[in-house]
Amino acid sequence: MDPQQNQQDADGDYTALRLVLNAPPAHQSALLALSDKVEAFFRHGPDAAYVAFTNLQQAITGSTSRRRGSSGLDIAVNPDLGPLSKLFGKVPGISPSRLWMSPGMTTALVVLLACATDHETLHALATDQGRLFGGLPSLVSTRDIPSTSLAAALGRAKAAALGPGRRTTVMVVSLHDAGSLELAAPPEFFNFSHYFPVAVGPEGVVVWQAWARNSYQLDEYIRDGRARVRGWDEAARFAEDFDDLAGREEDAWTEDINALYKKLFLGDVNAVCGPDGPERPVTPRFKAWVRIYTLENVTYENVTKFRWVKD
Numbered sequence: 001m002d003p004q005q006n007q008q009d010a011d012g013d014y015t016a017l018r019l020v021l022n023a024p025p026a027h028q029s030a031l032l033a034l035s036d037k038v039e040a041f042f043r044h045g046p047d048a049a050y051v052a053f054t055n056l057q058q059a060i061t062g063s064t065s066r067r068r069g070s071s072g073l074d075i076a077v078n079p080d081l082g083p084l085s086k087l088f089g090k091v092p093g094i095s096p097s098r099l100w101m102s103p104g105m106t107t108a109l110v111v112l113l114a115c116a117t118d119h120e121t122l123h124a125l126a127t128d129q130g131r132l133f134g135g136l137p138s139l140v141s142t143r144d145i146p147s148t149s150l151a152a153a154l155g156r157a158k159a160a161a162l163g164p165g166r167r168t169t170v171m172v173v174s175l176h177d178a179g180s181l182e183l184a185a186p187p188e189f190f191n192f193s194h195y196f197p198v199a200v201g202p203e204g205v206v207v208w209q210a211w212a213r214n215s216y217q218l219d220e221y222i223r224d225g226r227a228r229v230r231g232w233d234e235a236a237r238f239a240e241d242f243d244d245l246a247g248r249e250e251d252a253w254t255e256d257i258n259a260l261y262k263k264l265f266l267g268d269v270n271a272v273c274g275p276d277g278p279e280r281p282v283t284p285r286f287k288a289w290v291r292i293y294t295l296e297n298v299t300y301e302n303v304t305k306f307r308w309v310k311d
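See below:
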């Protein structure tokens, strides 16, 4: 295949994606605009989405973005990823787009789009989302601080969405493997920790997910219609199932726990940790601890703050 033709095709994808990302969302609602914008990232495939996302991070962390007054930032879309491209040279056969299996990238994309135009916040999100969201919990914190209820957090966000202000809230839900902390489980055991973003607005609830253990990517989750706007009853059932899982404590990873985990996150731990699976055996004790990071009053202006420009 002609390398020059390949480059022309790639340049065309990035140009087309830039136009898509700069187009006003079809909806003026913050929740629906956020849903539109996340979906737009993948309109020309996960590889082009990866480039746009990486350029976004580079612009924020390298201060190469150009501020448009207080309204937003211009992000240069450049297919040449420079030093970051070396990362993938060390992993033969792995496409950069496969990083969309990462819950971290999924969460970072949604929250970067949702947060206000505050450079310190953007920089923290682009460089160390884990630390901003609270990082890995300590054994002391999992024992002394009560686990957070998703159903309760959803109830508060719903009240804000349906109240006079009609506000939109974005939450990052972190499920931590507290059992491994208590057992000081060695690295030969699989850790079931997982996190994902949830947006709640007057229209309902959107959940975005990816699961990194040889499972599914964010673009596949969106393609299959799973990032749709859920009604209040469906969202409440999801939150109740999540709290049910998080509230259990067992001396083993049971079939019931695996089934509920798979129902929530589409990840089959028994399959990936079984005799023929690619992962280590699952941790010998199930105990979870939940933390939720919240962005309140997300606006349409937040979601449309970035403009992608030709480098």
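Quick note: the sequence shown uses full-length UniProt numbering, first residue 1, plus one each step. We put the CB at the ideal spot given by N, CA and C, even for glycine. Since the structure is predicted, the reported quantities are computational estimates derived from the model, not experimental observations.
C-beta contact flag for residue i and residue j at 9 Å
i: Val-205; j: Trp-232; result: yes
i: Asp-74; j: His-44; result: no
i: Val-38; j: Val-173; result: no
i: Ala-236; j: Leu-154; result: yes
i: Glu-296; j: Arg-167; result: yes
i: Phe-192; j: Phe-286; result: yes
i: Val-198; j: Val-229; result: no
i: His-194; j: Pro-103; result: yes
i: Phe-189; j: Arg-248; result: no
i: residue 319; j: Leu-112; result: Residue 319 is absent from the structure shown; the chain starts at 1 and stops at 311.
i: Ala-246; j: Leu-109; result: no
i: Val-282; j: Val-303; result: no
i: Thr-117; j: Trp-208; result: no
i: Pro-284; j: Asp-251; result: yes
i: Met-101; j: Tyr-261; result: no
i: Leu-17; j: Trp-308; result: yes
i: Phe-42; j: Arg-226; result: no
i: Phe-203; j: Ser-29; result: Reading the sequence as shown, one finds Glu at residue 203 and not Phe. Yes, they are a contact pair.
i: Asp-219; j: Ala-59; result: no
i: Leu-175; j: Phe-242; result: yes
i: Ala-114; j: Leu-34; result: yes
i: Phe-306; j: Leu-264; result: no
i: Asp-36; j: Pro-46; result: no
i: Ala-40; j: Leu-21; result: yes
i: Tyr-221; j: Leu-183; result: no
Residues bridged to residue i [DSSP beta-bridge criterion]
i: Ile-292; result: Val-173
i: Phe-286; result: Glu-250
i: Val-298; result: Thr-168
Three-way DSSP call (helix, strand, coil) for residue i in this model
i: Arg-230; result: strand
i: Lys-310; result: strand
i: Asp-74; result: strand
i: Gly-45; result: coil
i: Cys-273; result: helix
i: Arg-223; result: helix
i: Lys-262; result: helix
i: Val-303; result: helix
i: residue 312; result: Look at the range of the chain in this structure, 1 to 311, and you will see that residue 312 is not part of it.
i: Thr-61; result: helix
i: Asp-241; result: helix
i: Arg-280; result: coil
i: Asp-118; result: coil
i: residue 314; result: Shown here, the chain extends from 1 to 311; a query on residue 314 therefore has no answer.
i: Phe-88; result: Confidence at Phe-88 is low in this model, with a pLDDT of 35, below 50, so the placement of that residue should be treated as unreliable; the coordinate-derived value is given next. The answer is helix: DSSP assigns Phe-88 an H, G or I state.
i: Arg-18; result: helix
i: Gly-82; result: Annotation note: pLDDT 41 at Gly-82 (below 50); position unreliable, no value reported.
i: Gln-8; result: In this prediction, Gln-8 has a pLDDT of 44, which is less than 50 and means its spatial position is unreliable; what the coordinates show is noted afterwards. Gln-8: helix per DSSP, three-state reduction.
Host alpha helix (DSSP H) of residue i (start-end)
i: Leu-113; result: 103–114
CB contact check: residue i to chain C, cutoff 9 Å
i: Ala-152; result: Protein chain content of the structure displayed is limited to a single chain, and chain C is not contained in it.
> Where in the region 140–218 do unbroken runs of the alpha helix (DSSP H), each at least 4 residues long, occur, reported from the N-terminal end onward?
Replying inline: Entirely contained in the region 140–218, the alpha helix (DSSP H) runs reaching 4 residues are, in chain order, 150–162 and 178–183.
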